[in-house]
Every structure is written in C-alpha cells, then in structure tokens.
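Chains as they are written, first to last, in my numbering: chain A, 1486 to 1589; chain B, -3 to 250.
Yeah, the Cβ is synthetic: ideal placement off N, Cα and C, and Gly gets one too.
Below: the structure, in structure tokens.
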Amino acid sequence: MCSYIVMKAALRDSSAKGSKGWMSVDTANVYYDHPFHAPLDHALGIDFINEAAGGRERVAVELSAESARELIKQIEAALANGEREHAIAVAANNTPVANCEYLT
Amino acid sequence: MAYEGLQTETAKFRGHNGDMSEGYFARPARSGKVGGIVVIHGAGGWDEWVCEVARKFAHHGFAAISPNFYVRFGEGSPDDVAARARPTGGASDAEVMGDVLGAAAFLRAQANVNGKIGVIGFCSGGRATYMAACTIPNLQAAVDCWGGSVVVNDPATLTAKRPVAPIDLSANITAPMLGLFGNDDMNPSRADVDKIEATLKRLGKSYEFHRYDGAGHNFLNYNGPGYRLQQAQDGWKRVMAFYGKHLSDPSGTR
C-alpha cells in the first residue's frame, strides 16, 4: 500500500546466505506492500539485514500472503519437532557414543 | 511518420537543501523548444520502468527527467535501495519537493525547453505530484496517477517525514490537474477519489479525472499484474493530450 509500514524482528545468533556468501544478520524487516518481483499486487516481504553493520546488504524474499501463512505454520512445526527431538535426546542423557556407534 | 530520435543521459542537478541529485533525462534530439516533465517514482524507487516513462515522453516530444528521490540512500539496484529506504519511511516530503523544484529548474535551464513544466507521479509518487501541485509555484500541469494517501483517513498514519495530508493543501493548487484512477484500487479507494474530486470542485480548480473499471493500482505499468491494456492505452492518450494542451509552446512544435 506504499505505506512504509515495516515490522522489525530482532534476530540473535543468526545468519543468512546471499550473493556474497554467508553473513550475520541482526534484523528482519517485514512488510506487506507492492513487490518488486513476485507476480502480485501485494506481497509479504522480508529483508534479512545486519543493521549494526549498516544494513546495506540483504537477503530478501517476497511471498504471497497464503505462502507466508504456510511458512509460519511450517516454521512453528519445524521448531516444535526439533525441540521435541532435542528434549528426547537430552532426556536419554544424550549419549553421543550410542548415537554415533555406526561411525565407529 | 518519422519516429523521434532521442538523447538520454543521467544528469546531475541540485535538489533539496542544495544536495547533489541525479535524474534520468530524455529529450527529443531535434531542434525546437519543448515542454518539460518531471517524473516522480513511487515507493519502489528509481527503477527501469520510471526511466522508460521518461523516454516515452521524449518519444512524444517532451523533455523529461526522472529524478532519483532515493539518492540519499546510496548506490545499488533499485530494489535494494528501496529496501534500505523503506524502514526509514522513505524520502521525506521536504526532500521530494526540494528535488522536484531542482529538477524543474534543471529542465528550465535547458536550451530546448520552453519553460513550461509538468509533473507526473505514480502510486506514492502520485501523492507527491499532488503535493507538488499544492506547494511548488509555476507548474503548468500535474498528473496524479493513483496517488495513495492524498486523503488521510487515519491521522495516526501521518509521520515526521509526511506530516500533512496533501488534500488539506488543495486551496494552493494553481496548475491544472489530470487524475487517473482504477476503480478497484484500495488506496486511493473510490471514496478517497470522490473526496479529492469534491474538494477540487468546491475550490474551483481545473481538473480532469478518469476513473477506470476493471483496473486497480498501477494499471499503466506492464511489469506487474496490475497492468490493464485497454485502460493503459486510454490513460496514456489522456496524459499526452493533457500535456500537449498545457505544455505546448505556441511558437514551437510542442
């Protein structure tokens, strides 16, 4: 809507890979506006940047609203799965020898 | 018929606060004085299409400059520069108006420009066009293409960079105005355009609005899904006729 409304997510210990390789990122600028490339009138844009380093480089996505909502669901699912598996491993004393037996 | 030969370049000029600015400048190669047009880009920035618009005007016999209103956000591809500008709120009204004024002065200083200057803008550039018509003296024509937020329905959306609703400055308009709007647009909505039209009518301003069914935002721009062929054909015809009427030099070819 040409509103310049941007939601800023603070990121910690995070990285993104762009055309120049990996970089640390500390901010995700999130907005819903006219996209540059996606074939839509409006799209959900996310720019991953390192604001502390000046924010000149970015890793960008433009998603349809439906795709953005699907992504949110799968991010939540991936986090839930990953954290559950991690918790099981910790509960089992996270025995690396047993887990890595096939390597020996 | 013969097509216009064109000359184009990226030109430097002084803008707001004396800052060095730049613009894509296109004009007919032939001799003779022509009208000048300042092309104002939207929030998406100084992209390829807005420079194509400048070339289109040159092709139709005008001298046009498309300034980079994001010049203060550094170098880079248009989308990356726009992404840098967005979280800061973009260019301020003061910067944009100062740069339009500088671009108009640049055009008037050209030997082949007849001194008559029009402005045109798209999306938030349409809003800037409306504001230019309200605040910059000695403009001869203004074309607002679906300028959003000319009407501010929620005062909480006003910011330090855009502190006033352009519609509130309408009494100052001196240039005739052409407006192109899609009836499916959400900003400006039909109600917004009704309000703008009623304001211009009440104030006795010279205006000509064309409101298209089957079109929303950005219907002249063939790079996006909003493009509508028939509405765009009619819209460009209206724009060229409007500028031909108001920027032509009785002693020249344009």
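{"Check": "How far does the beta strand (DSSP E) with F251/B in it reach, from first residue to last?", "Outcome": "Here chain B comprises residues numbered -3 to 250, so residue 251/B is not present and cannot be evaluated."}
{"Check": "Per DSSP, D89/B is paired with what?", "Outcome": "Per DSSP, none; premise fails for D89/B."}
{"Check": "Please give me, in chain order, every unbroken run of the alpha helix (DSSP H) with length at least 4 that falls completely inside the region 42 to 126 of chain B.", "Outcome": "44 to 55, 74 to 81, 89 to 104"}
{"Check": "Pull out every residue of the region 1512 to 1529 of chain A whose Cβ sits closer than 8 Å to any Cβ of chain B, in chain order.", "Outcome": "N1514, Y1516, D1518, H1519, F1521, H1522, P1524, L1525, D1526"}
{"Check": "Three Cβ pairs or more, each shorter than 8 Å: is that satisfied between the region 1500 to 1515 of chain A and the region 1528 to 1536 of chain A?", "Outcome": "yes"}
{"Check": "Alpha carbon to alpha carbon, how far is G38/B from G121/B? Give it in angstroms, no decimals.", "Outcome": "4 Å"}
{"Check": "For the beta strand (DSSP E) that contains V35/B, what are its first and last residues?", "Outcome": "30 to 36"}
{"Check": "In terms of residue numbering, what span does the alpha helix (DSSP H) encompassing A1538/A cover?", "Outcome": "Run containing A1538/A: none; DSSP gives neither H nor E here."}
{"Check": "Chain A beta carbons: is any one of them nearer than 7 Å to that of D95/B?", "Outcome": "no"}
{"Check": "What does a CB cutoff of less than 8 Å around L1588/A pick up in its chain, not counting 5 residues either side in sequence?", "Outcome": "Unreliable placement is indicated for L1588/A, whose pLDDT of 49 sits below 50; no coordinate value is reported for it."}
{"Check": "Determine, for A68/B, whether the minimum Cβ-Cβ distance to residues of chain A falls below 7 Å.", "Outcome": "Here the sequence assigns Arg to residue 68/B, which means Ala is not the residue at that position. With 7 Å as the cut-off, R68/B does not count as an interface residue toward chain A."}
{"Check": "Got a sec: which bits of the region 195 to 223 of chain B sit with their beta carbon under 8 Å from any beta carbon on chain A, in order along the chain?", "Outcome": "G212, H213, N214, G220, P221, G222"}
{"Check": "Hey, R68/B and V1491/A are a contact pair by Cβ (cut 8 Å); roughly how many whole angstroms apart?", "Outcome": "Not quite, the Cβ-Cβ distance comes to about 18 Å (not below 8 Å), so this is no contact."}
{"Check": "When you compare the CB of V1544/A with every CB in chain B, is at least one pair closer than 7 Å?", "Outcome": "no"}
{"Check": "Is the beta carbon of E18/B closer than 7 Å to that of T4/B?", "Outcome": "no"}
{"Check": "Can you give me the Cβ contacts of A54/B inside the same chain, cut-off strictly under 7 Å, excluding the 5 residues immediately before and after it?", "Outcome": "E0, L2, A22, R23, P24, A60"}
{"Check": "Please confirm if V1491/A has its CB atom under 7 Å from at least one CB of chain B.", "Outcome": "yes"}
{"Check": "Here's the rule: buried if 16 or more other CB atoms are within 10 angstroms of the residue's CB, otherwise exposed. What is V1575/A?", "Outcome": "exposed"}
{"Check": "Checking the sheet assignment: what are the DSSP bridge partners for A1501/A?", "Outcome": "M1508/A"}
{"Check": "Within its chain, find whatever has a CB closer than 7 Å to the CB of M1508/A; leave out the 5 residues flanking it on each side and keep chain order.", "Outcome": "S1500, A1501, N1535, E1542"}
{"Check": "Answer yes or no: does any C-beta atom of chain A fall closer than 7 Å to that of A79/B?", "Outcome": "yes"}
{"Check": "Which residue from G57/B, N179/B, T131/B, D95/B puts its Cα closest to that of S27/B?", "Outcome": "G57/B"}
{"Check": "Would you verify that the beta carbon of D1498/A is, or is not, closer than 7 Å to some beta carbon of chain B?", "Outcome": "no"}
{"Check": "Would you kindly work out how many angstroms separate the C-alpha atoms of D180/B and A107/B, rounded to a whole number?", "Outcome": "43 Å"}
{"Check": "Candidates S1504/A, Y1489/A, V1510/A: which alpha carbon is nearest D1433/A's?", "Outcome": "Residue 1433/A lies beyond the residue range present for chain A, which begins at 1486 and ends at 1589; the question has no answer from this structure."}
{"Check": "With three or more beta-carbon pairs closer than 8 Å as the criterion, would you say the region 127 to 135 of chain B touches the region 40 to 47 of chain B?", "Outcome": "no"}
{"Check": "Quick one: grab the DSSP three-state call for A137/B.", "Outcome": "strand"}
{"Check": "Classify V160/B as helix, strand or coil using the three-state DSSP reduction.", "Outcome": "coil"}
{"Check": "Within the continuous beta strand (DSSP E) that includes A1562/A, where are the two ends?", "Outcome": "Unbroken run through A1562/A is the alpha helix (DSSP H), 1550 to 1576; no beta strand (DSSP E)."}
{"Check": "Given this structure, state the Cα-to-Cα distance separating F205/B from A100/B, to the nearest angstrom.", "Outcome": "24 Å"}
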